[in-house]
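Enquirer:
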Amino acid sequence: MNNWNILPQLTPAFTFLKNVDIISLLHPAIAVAFVFPIIGIVVNFSWQTRQRRLAIKKGDKSKIPAIVGREHVKIGRWLTGSVVGVTLIALAYSVVFGYQGFVDRQKAGELDNFQVIFVFLMFIATIASLVLLYRAKPKLWRGVFATLSGMGLIILGAQDGVYRLGNEWYWSHYYYGIVVSLLMIFSLAIVEDIYKDRANRWRNVHIILNCLALLLFIGQGITGARDLLEIPLSWQKPAVFGCDFNNRTCKSENQTQSPVISYHQPN
Ligand code: HEM
Ligand code: HEM
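For reference, each letter of the sequence shown is one residue, going 149 to 415 in the numbering used here.
1) Contact check, Gly325 vs Thr235 under 8 Å by CB: the rounded distance?
2) Check this for me: beta carbons of Val190 and Gly224, under 8 Å apart or not?
3) Which first and last residues belong to the alpha helix (DSSP H) in which Arg349 is found?
4) Ignore the nearest five residues each way along the sequence and tell me which others in His321's own chain have a CB closer than 6 Å to its CB.
5) Just the C-alpha distance for Glu316 and Trp226, rounded to the nearest angstrom, thanks.
6) So the candidates are Arg198, Ile356, Leu165; which of them puts its Cα closest to the Cα of Lys215?
7) Please list, in chain order, all residues of the same chain as Leu336 whose beta carbon is under 8 Å from its beta carbon, the five residues on each side excluded.
8) Suppose contacts are defined by Cβ-Cβ distances below 8 Å. Is Ser242 in contact with Val310 by that definition?
9) Which value, in whole angstroms, describes the spacing of the CA atoms of Asn358 and Ile342?
10) Report yes if the C-beta distance between Val232 and Ile366 is below 8 Å; otherwise report no.
11) Taking the C-alpha atoms as reference points, what is the distance between Phe268 and Leu304?
12) Closer than 7 Å: is that where the CB of Val221 sits relative to any heavy atom of ligand 1?
13) Would you tell me roughly how many angstroms separate the C-alpha atoms of Ile275 and Trp350, rounded to the nearest one?
14) Can you find the residues in the same chain that come closer than 7 Å, C-beta to C-beta, to Gly217, ignoring five residues on each side of it along the sequence?
15) List the whole-angstrom C-beta distance separating Leu364 from Val328, where the pair is believed to meet the contact cut-off of C-beta under 8 Å.
16) So what does Thr235 bridge to, in DSSP terms?
17) Are Ile237 and Leu174 touching if we call contact CB-CB under 8 Å?
18) Got a sec? Which residues, its chain only, sit under 8 Å from Leu259 by beta carbon, not counting five neighbours each side?
19) So, helix, strand or coil for Thr397, using DSSP?
20) Between the Cα of Leu313 and those of Ser230, Gly291, Glu378, Pro185, spot the shortest distance and give me the residue it belongs to.
21) Classify Asp392 as helix, strand or coil using the three-state DSSP reduction.
22) What residue ranges within the segment 264 to 330 form continuous alpha helix (DSSP H) runs of no fewer than 4 residues, ordered along the chain?
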């Protein structure tokens, strides 16, 4: 199941991963190595921006340089792109390799060409809307492109193959991921409004929503690690899905079989 045979097998003896498993690692690896460090930088600058603004409002002198606000926005713009990017990578993987995704349906002879083209065009449209959102200045266009890129994510997330954990939505990696991506898109869309609004209403909306985003990011770290633990390697799926998930037990055909670790040891 789920063996992507078009690519040459890239997996030499030193890894148990097959091609499809290596592709599935792309999303978590990019999230951990690139997106989470960016979150740390953005949050650090955001805290300094706030401390500096409040100190100056009180009439104190702040030791924090004036540049921190601009730095927060500069890296924040990168954050929006990387969060949406990492979400699109996860969705692309699931739509192709997920349960009832393109590969499964092709094997069953049920793959609908129209749907493949539709999904492909949706990816292009979502990315194009985000690029245009980065460039848009007037309020109307920022609203339009933010809505379009957000809708693109929701429509792609609704495709077969995406693992949504719908009945346990309150700790679903998918729902957290989509909400946090929408919040990043919204942050990007209202940058101009935060600066223009003397009454700080947009600024306060931004702070409240992005404190929630920060909690969701932490949730992504936890639920993503949990999902990595729960998803078996492609070639292990037939065995693992034969287990009794309600009672959390697996029948072992041969109880005396050596543990997996022995594969690493010389005979
Ligand atoms: C986890 C993500 C984020 C958090 C927790 C966060 C939080 C904050 C906080 C606390 C402030 C300071 C508010 C104050 O002055 O009291 C701020 C300012 C701001 N944020 Fe964010 N933010 C995040 C992401 C973003 C993103 C992705 C963007 C845009 C792409 C953005 C745009 C802005 C802007 C324009 C300001 C005003 C900066 C200034 O006064 O010079 N933020 N943010
Ligand atoms: C910025 C942080 C992250 C965002 C926005 C995010 C978003 C998403 C989204 C939207 C999906 C699609 C669900 C699906 O297609 O089945 C997904 C899947 C996945 N993510 Fe993440 N993710 C993030 C971080 C992580 C991290 C840190 C890990 C692991 C350490 C991880 C592991 C996974 C795994 C294993 C899947 C596939 C199975 C599943 O749906 O849970 N993610 N992610």
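Think of the CB as a built atom: it goes at the ideal place given N, C-alpha and C, for glycine as much as any other residue.
In this text the structure is predicted, and so the values were computed from the model without any measurement.
Expert: If we stick to the structure as given:
1) Position 177 of the sequence shown, counted from the start, is the residue given in the question as residue 325. Position 87 of the sequence shown, counted from the start, is the residue given in the question as residue 235. Indeed, because the Cβ distance is near 5 Å, the residues count as touching under 8 Å.
2) Position 42 of the sequence shown, counting from 1, holds the residue named residue 190. Position 76 of the sequence shown, counting from 1, holds the residue named residue 224. One thing to note: Val190 has its Cβ within 8 Å of the Cβ of Gly224.
3) For the purposes of this step, residue 349 is identified with residue 201 of the sequence shown, where counting begins at 1. Note, Arg349: alpha helix (DSSP H), 349 to 378.
4) Indexing the sequence shown from 1 puts residue 321 at position 173. Cβ within range, chain order: Thr371, Gly372, Asp375.
5) In the sequence shown, the residue the question calls residue 316 occupies position 168. In the sequence shown, the residue the question calls residue 226 occupies position 78. Approximately 31 Å between the Cα atoms of the pair.
6) In the sequence shown, the residue the question calls residue 215 occupies position 67. Note on residue identity: the sequence assigns Ile, not Lys, to residue 215. Out of Arg198, Ile356, Leu165, Arg198 has the C-alpha closest to the C-alpha of Ile215.
7) Walking along the sequence shown from the start, residue 336 turns up at place 188. So the list reads Gly224, Arg225, Thr228, Leu281, Tyr282, Ala294, once near-sequence residues are dropped.
8) The sequence position of residue 242 within the sequence shown is 94, counting from 1. The sequence position of residue 310 within the sequence shown is 162, counting from 1. Result yes, Cβ atoms of Ser242 and Val310 sit closer than 8 Å.
9) Numbered from 1 along the sequence shown, position 210 holds the residue referred to as residue 358. Numbered from 1 along the sequence shown, position 194 holds the residue referred to as residue 342. Each residue's Cα considered, the two are about 13 Å apart.
10) Counting from 1 along the sequence shown, the entry for residue 232 is found at position 84. Counting from 1 along the sequence shown, the entry for residue 366 is found at position 218. Taking 8 Å as the cut-off, the beta carbon of Val232 is found no closer than this to the beta carbon of Ile366.
11) Start at 1 with the first residue of the sequence shown, and residue 268 comes out as number 120. Start at 1 with the first residue of the sequence shown, and residue 304 comes out as number 156. When rounded, the distance between both Cα atoms is 10 Å.
12) Taking the first residue of the sequence shown as 1, we reach residue 221 at position 73. Checking every heavy atom of ligand 1 against the Cβ of Val221, one is found closer than 7 Å.
13) Stepping through the sequence shown from its first residue, residue 275 is reached at position 127. Stepping through the sequence shown from its first residue, residue 350 is reached at position 202. Each residue's Cα considered, the two are about 26 Å apart.
14) Position 69 of the sequence shown, counting from 1, holds the residue named residue 217. Same-chain partners within the cutoff: Thr197.
15) On the sequence shown, position 216 is the one that residue 364 refers to. On the sequence shown, position 180 is the one that residue 328 refers to. Yes, Leu364 and Val328 are in contact; Cβ-Cβ is about 4 Å, under 8 Å.
16) On the sequence shown, residue 235 is found 87 positions in, with the first residue counted as 1. For Thr235, which the question treats as bridged, DSSP gives no partner whatsoever.
17) The residue labelled residue 237 in the question sits at position 89 within the sequence shown. The residue labelled residue 174 in the question sits at position 26 within the sequence shown. Yes.
18) Translated into the one-based positions of the sequence shown, residue 259 becomes position 111. Correct list, in chain order: Phe250, Arg253.
19) Your numbering for residue 397 matches position 249 in the sequence shown. Correct three-state label for Thr397: strand.
20) What you label residue 313 is simply residue 165 of the sequence shown in a count that begins at 1. Ranking Ser230, Gly291, Glu378, Pro185 by Cα distance to Leu313 puts Glu378 first.
21) Here the question's residue 392 lines up with position 244 in the sequence shown. Here Asp392 sits in strand by DSSP.
22) 287 to 305
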